[in-house]
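Chains as they are written, first to last, in the numbering used here: chain A, 1 to 89; chain B, 90 to 447.
Just so it is clear, CB atoms sit at the ideal spot from N, CA and C, and this is done for glycine as well.
This structure is a prediction, so every number in the text was calculated from the model and none was measured.
Scroll down for the structure; my scribbles are underneath it.
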């Protein structure tokens, strides 16, 4: 199961459930987290469903970049970290 | 309106002010550390809204049902899916720049230029497509931001179907049928920052702030990028006022709620130098519809001042006597007598985006 963790910086705004997911893609794993807390979606994704420019997502130590990042594949034991980039103020 | 309460939206939180025997003082904070871009002060039942602009995590909206004692996050306005090939700014909420309520409707103006309405006090929002889909919107330009935005919302107090709004840079727009149709109502404004043949184009005007007189709603005042304008016919025609001392440049304007001839402005040197003239903080007041102005200085620092009052940071209360103004460097000043005399409330607040009574 891939595990999805969120930066503690988000906890002051909304619940950040730690999710174990059998999802095959980053997108599906995030959707599992958003199902647990629908409010979380707007903190990670913008109006168009894109990863916010100052949110940094890492899968197994590699940053997911670009418009297609949400389609990045996950392995059965992937570690997903949704972090706050230090850009953006 | 609670005449003894006011709100200051800042780069680092929302500050509640209370007026006591010693004048205004900070009585509480909310969202400390977070940027608050705009607020809607409490209605008669205590319901109010605050818009946050979190640097990393987007725009958020919070509602209080008890005049700021407790807050709950509610849905922020959100743009629908951007059609393939749509030009212009991305359909993404950058900031809630303005909020106003009238006749049971809450309006929110945004960067990048969308107007949203809520009929349930912010629980849900709808993009006003009749304005967003106007082809002229694609000619709007950013004014102070990379994308255009709606900063002024002037609902008509007695005509529920009528709303005038201000866009930087897209002029003034008016609906008289509840948002079904819109017309640009910027005739008379002039933009010196454009090529001469485009200076009168209503769709590129930069009205920094527009306010409407509550008692005489056809009278509107505008602090424009290029000077001061006034309309006495609901925005159909705008007349530039030229007898303005100190400087015609500024961002903020407030109009007396009962007297349409009285308005206040806070001048700065020019767009290229956004500081008070000669380092002296002053307020320009007219009481004759803009034919003449007085420059008010009593109680305001008159040397070494570099404070700028941004467009939403000058407010007048329902009586027309109390004024508050806050600066982008965290200074806050108050008057209890229409601007004749000012008191310093604080010089140490975070950068101030908006000031509201209520």
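CB contact below 8 Å: residue 30 of chain A versus chain B: To locate residue 30 of chain A, count along the first chain from 1; it is residue 30. Taking Cβ atoms only, chain B never reaches closer than 8 Å to residue 30 of chain A, which makes this a no.
Distance, residue 21 of chain A Cα to residue 68 of chain A Cα: In the first chain, the residue the question calls residue 68 of chain A occupies position 68. In the first chain, the residue the question calls residue 21 of chain A occupies position 21. C-alpha separation (whole angstroms): 20 Å.
Minimum Cβ-Cβ distance from residue 81 of chain A to chain B less than 8 Å: For the purposes of this step, residue 81 of chain A is taken as residue 81 along the first chain, with counting starting at 1. Chain B contact via Cβ: absent.
Distance between residue 151 of chain B and residue 136 of chain B (C-alpha atoms, nearest Å): Start at 1 with the first residue of the second chain, and residue 136 of chain B comes out as number 47. Start at 1 with the first residue of the second chain, and residue 151 of chain B comes out as number 62. Their Cα atoms are separated by approximately 11 Å.
Limits of the unbroken alpha helix (DSSP H) element including residue 41 of chain A: Locating residue 41 of chain A in the first chain gives position 41, counting from the first residue. Counting along the chain, the alpha helix (DSSP H) containing residue 41 of chain A begins and ends at 41–44.
Limits of the unbroken beta strand (DSSP E) element including residue 64 of chain A: Numbered from its first residue, the first chain carries residue 64 of chain A at position 64. Counting along the chain, residue 64 of chain A falls outside any beta strand (DSSP E), and DSSP gives it neither H nor E.
Residues within the stretch 46–72 of chain A neighbouring chain B, beta-carbon criterion of under 7 Å: 46, 47, 48, 52, 54, 55
CB of residue 320 of chain B within 8 Å of CB of residue 295 of chain B, strictly: Locating residue 320 of chain B in the second chain gives position 231, counting from the first residue. Locating residue 295 of chain B in the second chain gives position 206, counting from the first residue. Cβ atoms of residue 320 of chain B and residue 295 of chain B: not closer than 8 Å.
Contacts that residue 170 of chain B makes with chain A (C-beta to C-beta distance below 9 Å): Here residue 170 of chain B is taken as the residue at index 81 of the second chain, counted from 1. Within chain A, the residues near residue 170 of chain B are 47, 48, 49.
Where residue 13 of chain A meets chain B, residues with beta-carbon distance less than 8 Å: As a first step, residue 13 of chain A must be located in the first chain, where it is residue number 13. In chain order: 143, 146, 149, 162.
Near-chain A residues of the stretch 202–218 of chain B (beta-carbon distance less than 7 Å), N- to C-terminal order: none
Residue 369 of chain B and residue 386 of chain B closer than 8 Å at C-beta: For the purposes of this step, residue 369 of chain B is taken as residue 280 along the second chain, with counting starting at 1. For the purposes of this step, residue 386 of chain B is taken as residue 297 along the second chain, with counting starting at 1. Yes, the pair counts as a contact, with Cβ atoms nearer than the cut-off.
Min CB distance residue 182 of chain B to chain A below 8 Å: For the purposes of this step, residue 182 of chain B is taken as residue 93 along the second chain, with counting starting at 1. Contacts with chain A at 8 Å (Cβ-Cβ) include residue 182 of chain B.
Cutoff 8 Å: residue 167 of chain B Cβ touching any chain A Cβ: Reading the second chain from its first residue, position 78 is the one you call residue 167 of chain B. Yes, residue 167 of chain B lies at the interface with chain A (some Cβ there is under 8 Å from its Cβ).
Any chain B beta carbon closer than 8 Å to residue 39 of chain A: Here residue 39 of chain A refers to the residue found at position 39 when the first chain is read from its first residue. True, the Cβ-Cβ gap to chain B drops below 8 Å.
Segment contact flag, the stretch 207–223 of chain B with the stretch 240–249 of chain B, C-beta cutoff 8 Å, min 3 pairs: no
Cβ contact (3+ pairs, closer than 8 Å) linking the stretch 417–435 of chain B and the stretch 72–89 of chain A: These segments do not touch.
Beta-carbon neighbours of residue 85 of chain A, restricted to chain B and to distances below 8 Å: Here residue 85 of chain A refers to the residue found at position 85 when the first chain is read from its first residue. Within chain B, the residues near residue 85 of chain A are 145.
Beta-ladder partner(s) of residue 450 of chain B, from DSSP: Residue 450 of chain B is absent from the model: chain B starts at 90 and stops at 447.
Proximity below 8 Å, CB of residue 359 of chain B to CB of residue 365 of chain B: Within the second chain, the letter at position 270 stands for residue 359 of chain B. Within the second chain, the letter at position 276 stands for residue 365 of chain B. Not closer than 8 Å, so no.
With 16 other Cβ atoms within 10 Å as the buried cut-off, status of residue 332 of chain B: Residue mapping note: residue 332 of chain B aligns to position 243 of the second chain, counting from 1. Residue 332 of chain B is exposed by the Cβ-count criterion.
Inter-residue spacing [alpha-carbon to alpha-carbon] between residue 249 of chain B and residue 75 of chain A: For this step, residue 249 of chain B is matched to residue 160 along the second chain. For this step, residue 75 of chain A is matched to residue 75 along the first chain. Straight-line Cα distance between these residues: approximately 57 Å.
Residue 65 of chain A versus residue 214 of chain B - alpha carbon distance: Position 65 of the first chain holds residue 65 of chain A. Position 125 of the second chain holds residue 214 of chain B. Roughly 31 Å between the two C-alpha positions.
Helix, strand or coil at residue 92 of chain B according to DSSP, with G and I counted as helix: Along the second chain, one-based indexing puts residue 92 of chain B at 3. Coil at residue 92 of chain B, not helix or strand.
Strand pairing of residue 200 of chain B, partner residues [DSSP]: Counted from its first residue, the second chain places residue 200 of chain B at position 111. B/184, per the DSSP bridge assignment.
Proximity test, Cβ basis, 8 Å: residue 10 of chain A and chain B: Residue 10 of chain A sits at position 10 when you count from the first residue of the first chain. Yes, because at least one Cβ of chain B sits closer than 8 Å to the Cβ of residue 10 of chain A.
Buried or exposed (CB count within 10 angstroms, at least 16 for buried), residue 1 of chain A: For the purposes of this step, residue 1 of chain A is taken as residue 1 along the first chain, with counting starting at 1. With fewer than 16 Cβ atoms within 10 Å of its Cβ, residue 1 of chain A is classed as exposed.
Buried/exposed call for residue 127 of chain B, threshold 16 Cβ in 10 Å: Looking up residue 127 of chain B in the second chain gives position 38. Buried, by the Cβ-count rule.
Close-in-space but distant-in-sequence residues of the same chain around residue 196 of chain B (CB under 6 Å, 5 per side omitted): Residue 196 of chain B sits at position 107 when you count from the first residue of the second chain. Only 189, 206, 242 meet the Cβ criterion.
Residues bridged to residue 450 of chain B (per DSSP): Coverage of chain B is limited to positions 90 through 447, which leaves residue 450 of chain B absent and any answer about it impossible.
Residue from B/198, B/178, B/191, B/200 with nearest C-alpha to residue 227 of chain B: Walking along the second chain from the start, residue 227 of chain B turns up at place 138. Ranking B/198, B/178, B/191, B/200 by Cα distance to residue 227 of chain B puts B/178 first.
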